[in-house]
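Colleague: Numbering follows my numbering, with no gaps: position 64 of the first sequence is 65. All C-beta atoms in this analysis are idealised placements derived from N, C-alpha and C, irrespective of residue type, glycine included.
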Amino acid sequence: MQRSGALFSVRFVSSDVMFALVDVNNFYASCEAVFDISLRNKPLVVLSNNDGCVIARSAEAKALGIQMTEPWHQVRARHPQLIHRSSNYELYADMSARVMTILSAAAPSSECYSIDEIFLDIRNVPDRMQLANTVRSRVREWIGLPVCVGIGCTKTRAKLANRVAKKRPQFGGVFDLEALTPAELSELMREIDVGDVWGVGSRLKARLEVLGIRTALDLRNADSEWIRSHSSVVLQRTAAELRGIACIPLELTAPVRKQLVVSRSFGSEVDRYDALRESVLSYVSRAAEKLRTEGLLARRMQIFIHTNSFRDDRAQYSAEFSLKMPVATDDTLALANAAEYALRRIFREGFLYQKAGTMLSELTPAAQRQHALFVDPTQIERRSRLNATLDKINQLYGRDTVRVAGSGVERTWSMRRSQVSPRYTTRWSDLAVARAR
DNA sequence: TCTGGGGTCCTAGGACCC
DNA sequence: TCTGGGGTCCTAGGACCC
């Protein structure tokens, strides 16, 4: 590849790559409809935690004009008959794993980019269209989920192609951007809004429009240095990718996690310290469990709480407290103690709290554990066996069977999930057959 | 009444060092 | 009168993604 002087700050990958981006259509809504046939071909929305806002829509719901992240109470007022489901992440995660197993087997290497998307490396595939059609029908037949495939010589172009495959049904769910003539490609990019390019969000779109960049074509044709001076290297890279210069490589191994967040809005607002403490301790327990599952230790812990910023009739308060653990740890009780200390530091009487959470950072692999100088190693060993037992019991009998006492029994703050579907694929008791009886 | 949760990267500016 | 310059590290904030 010839390096262009104008692009000195953008790293290239290689000139002979080809990507297929496979993506499940309306993933959460489609998962729900796999098991409940009464939902098929109906307007259906899936809601965020607390049934707060819309996070997935079936094709029919999209046709009604329902937007992503629209508050549910507003949508329901407009469409009283609309079918809705609370989000069921246990189901979606399991369905995702099944889809990814099938798709990653279809190419020599791949990158799971999100819960419902995967990039396949198809540079040496002789017939790209055949591969795309094969994986499409395979996922449909074996899992029951519809997918679309976009093909491009950069990730950004594959994303664009995937978008075309989804929006224009005449292409049968597969679109190869690299099969177009230069004139056709320009024409297509002229029809695509710059905000629909991967990497251009709402803020950037607004700024670019002021500068006269309105379509994907405008961005592709813009001078690289001009983009750099008016925006950043990130957008410069996106524009290069649109031109067919691959800058974003396939990540073959999952990048090392840098932080871990567990936070939730409350089902109803909380003013008592005890209730806040219960919620914080339960989130910290969950975070510690995740650490152990992933074989990580955390050195820094942050606790945060805040009131509902949408309410202008109440005084607002938000605070966070961050502390460094004496040694990096994955111990539920050690983290819970630290969390209580942090919460006491930031709690203020007289506010209605809406959300709390914890963030663990400065993560290191558990294999590199550094012990404290004056702590008896057998005590650490005992504590680690206790945590392992905790995890085993909770895995066997359901989350929170055994938990930190302070995390609550009543749990008045817990989420609203009025319409949550069964965990069809991960709980024997929820199996579709068992339920039919 | 009701407004998600969990991530990453880049940049600018301040602190600090020699 | 004139008050360095270059480097690193950290943090907060802004932007993006799904």
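When the distance is taken between beta carbons, is Val405 closer than 8 angstroms to Thr333?
Modeller: Result yes, Cβ atoms of Thr333 and Val405 sit closer than 8 angstroms.
Colleague: If you compare alpha carbons, which of Ala316, Gly358 and Asp314 is closest to Ser264?
Modeller: Comparing Cα-Cα distances from Ser264 to each of Ala316, Gly358 and Asp314, the minimum goes to Gly358.
Colleague: Per DSSP, which residues does Arg301 bridge with? Please list them.
Modeller: According to DSSP, Arg301 bridges with Lys325 and Ser362.
Colleague: Which value, in whole angstroms, describes the spacing of the CA atoms of Asn125 and Pro109?
Modeller: Each residue's Cα considered, the two are about 9 angstroms apart.
Colleague: Less than 6 angstroms between C-beta atoms, sequence neighbours within five positions excluded: which residues of the same chain meet that for Glu91?
Modeller: Here the set comprises Arg424 and Thr427.
Colleague: Tell me which residues share the same chain as Thr102 and place their Cβ nearer than 8 angstroms to its Cβ, disregarding the 5 neighbours each side in the sequence.
Modeller: Hits under 8 angstroms: none found.
Colleague: Give me the residue from Lys356, Gln75 and Arg158 with the minimum Cα distance to Val23.
Modeller: For Val23, the nearest C-alpha among the options comes from Arg158.
Colleague: The alpha helix (DSSP H) spanning Cys32 covers which residue range?
Modeller: Unbroken alpha helix (DSSP H) run through Cys32: Phe28 to Phe36.
Colleague: Under a three-way DSSP split, which group does Lys356 fall into?
Modeller: Looking at Lys356 - three-state DSSP - the assignment turns out to be strand.
Colleague: Below 8 angstroms between beta carbons: does that hold for Leu45 and Ala62?
Modeller: The answer is yes: Cβ separation under 8 angstroms.
Colleague: For Ala299 and Leu292, what's the separation of their Cα atoms in angstroms?
Modeller: One C-alpha to the other measures close to 8 angstroms.
Colleague: I need the straight-line Cα distance from Ala389 to Pro147, nearest angstrom please.
Modeller: Taking the straight line from one Cα to the other gives about 39 angstroms.
Colleague: Mind reading off the beta-carbon distance from Ile306 to Ala329? Whole number of angstroms is fine, and I expect it under 8 angstroms.
Modeller: 25 angstroms between Cβ atoms; not a contact.
Colleague: Per DSSP, Gln260 is paired with what?
Modeller: For Gln260, which the question treats as bridged, DSSP gives the partners Ser362.
Colleague: Hey, could you find the ends of the beta strand (DSSP E) Ser1 is sitting in?
Modeller: The structure shown does not extend to residue 1, since the chain is modelled only from 2 to 438, so the question has no answer here.
Colleague: Does the count of Cβ pairs from the segment 93 to 100 and the segment 70 to 84 closer than 8 angstroms reach three?
Modeller: They do not touch, by the three-pair rule.
Colleague: Where are the beta strand (DSSP E) runs, 3 residues long or more, that stay fully inside the segment 34 to 63, in chain order?
Modeller: Those beta strand (DSSP E) runs which fall completely within the segment 34 to 63 and span 3+ residues are 45 to 48 and 55 to 58.
Colleague: Can you list, in chain order, the residues of its chain whose CB lies under 7 angstroms from that of Glu290, leaving out five sequence neighbours each side?
Modeller: Closer than 7 angstroms at Cβ, skipping near neighbours: Asp392.
Colleague: When DSSP labels each residue in this structure, what does Thr471 get in the three-state scheme?
Modeller: A question about residue 471 goes unanswered here, because the residues of the chain that appear run from 2 up to 438.
Colleague: Between Leu205, Trp199, Ala107 and Leu297, which has its C-alpha nearest Val257's C-alpha?
Modeller: Closest by alpha carbon: Leu297.
Colleague: I need the straight-line Cα distance from Val376 to Thr308, nearest angstrom please.
Modeller: Computed Cα separation, rounded: 40 angstroms.
Colleague: Please indicate yes or no: does the CB of Glu185 lie closer than 7 angstroms to some heavy atom of the ligand ATP?
Modeller: With respect to the ligand ATP, the structure shown offers nothing to examine, as it has no ligands at all.
Colleague: Drop a sphere of 10 angstroms on the beta-carbon of Thr239, count the other beta-carbons inside from all chains shown, and report buried for 16 or more, exposed for fewer.
Modeller: Under this definition Thr239 is a buried residue.
Colleague: Out of curiosity, what's the CA-to-CA distance linking Arg4 and Ile246?
Modeller: For Arg4, the predicted model reports a pLDDT of 33, less than 50, meaning its position is unreliable; a value from the coordinates is still stated below. If you take the alpha carbons of Arg4 and Ile246, they lie about 10 angstroms apart.
Colleague: Along the chain, where does the beta strand (DSSP E) containing Leu121 start, and where does it finish?
Modeller: Taken as a continuous stretch (DSSP letters only), the beta strand (DSSP E) holding Leu121 covers Glu118 to Asp122.
Colleague: Does Thr426 come out as helix, strand or coil in the three-state DSSP assignment?
Modeller: Here Thr426 sits in coil by DSSP.
Colleague: Count the other C-beta atoms from every protein chain shown that fall within 10 angstroms of the C-beta of Ala217, then say buried if there are 16 or more, exposed otherwise.
Modeller: Classification of Ala217: buried, given that the 10 Å Cβ count is 16 or more.
Colleague: Ends of the alpha helix (DSSP H) at Ser385?
Modeller: From DSSP, the alpha helix (DSSP H) with Ser385 extends over Pro378 to Tyr398.
Colleague: Assuming Val136 and Ala107 form a contact by the criterion Cβ under 8 angstroms, report the distance between their Cβ atoms to the nearest whole angstrom.
Modeller: 5 angstroms between Cβ atoms; contact.
Colleague: So, is Trp199 buried or exposed, given that buried needs 16 or more other C-beta atoms within 10 angstroms?
Modeller: Trp199 is buried by the Cβ-count criterion.
Colleague: For Gly153, does the count of other Cβ atoms within 10 angstroms reach 16, so buried, or fall short, so exposed?
Modeller: Flag for Gly153 reads buried.
Colleague: Using CA coordinates, which residue listed in Ile38, Val18 and Tyr29 is at the minimum distance from Ala433?
Modeller: It is Ile38 whose Cα lies nearest to the Cα of Ala433.
Colleague: Hey, how far is the Cα of Asp401 from the Cα of Val25?
Modeller: Roughly 32 angstroms separates the two Cα atoms.
Colleague: For Asp177, is the classification buried or exposed, using 16 other Cβ atoms within 10 angstroms of its Cβ as the cut-off for buried?
Modeller: Counting Cβ neighbours within 10 Å, Asp177 comes out buried, since at least 16 surround it.
Colleague: I need the straight-line Cα distance from Gly399 to Ser430, nearest angstrom please.
Modeller: Roughly 12 angstroms separates the two Cα atoms.
Colleague: Classify Ser283 as helix, strand or coil using the three-state DSSP reduction.
Modeller: Three-state DSSP puts Ser283 in a helix.
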